[in-house]
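**Q** Residue numbers (the numbering used here): 12 to 65. We put the beta carbon where it would ideally sit given N, CA and C, even for glycine. Computed from a predicted model, the values in this text were never measured in an experiment. Quick one: this structure, given as structure tokens, is what I'll be asking you about.
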Amino acid sequence: MEISELVKRCIRIFYIARKPTPAEWSKVAKVTALGMLLFGLTGFVISFVFSYLR
Numbered sequence: 012m013e014i015s016e017l018v019k020r021c022i023r024i025f026y027i028a029r030k031p032t033p034a035e036w037s038k039v040a041k042v043t044a045l046g047m048l049l050f051g052l053t054g055f056v057i058s059f060v061f062s063y064l065r
């Protein structure tokens with residue numbers, strides 16, 4: 012792929028893309044926070060279980 016083709020594709024993406032609405036942003040933030048919480052809780056539970064198995 013040539014540089015000029017890459018630049019054209021990047022510019023096309025900037026024209027098509029749009030900023031998320033506040034509702035969309037809020038939903039994405041909530042889902043991300045929930046995922047982080049679940050991963051953290053899972054790690055904590057695994058750590059807790061293994062600390063008592065010793």
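What first and last residue would you give for the alpha helix (DSSP H) that runs through Thr-127?
**A** The question about residue 127 has no answer here: the residues shown for the chain are numbered 12 through 65.
**Q** Helix, strand or coil, according to DSSP, for Arg-23 in the structure here?
**A** Arg-23 falls in the helix class under three-state DSSP.
**Q** If the criterion is Cβ atoms closer than 8 Å, does the pair Pro-31 and Val-39 meet it?
**A** Yes, these two residues count as a Cβ contact at 8 Å.
**Q** How many angstroms separate the CA atom of Ile-24 from the CA atom of Val-56?
**A** Cα to Cα, the separation comes out at about 42 Å.
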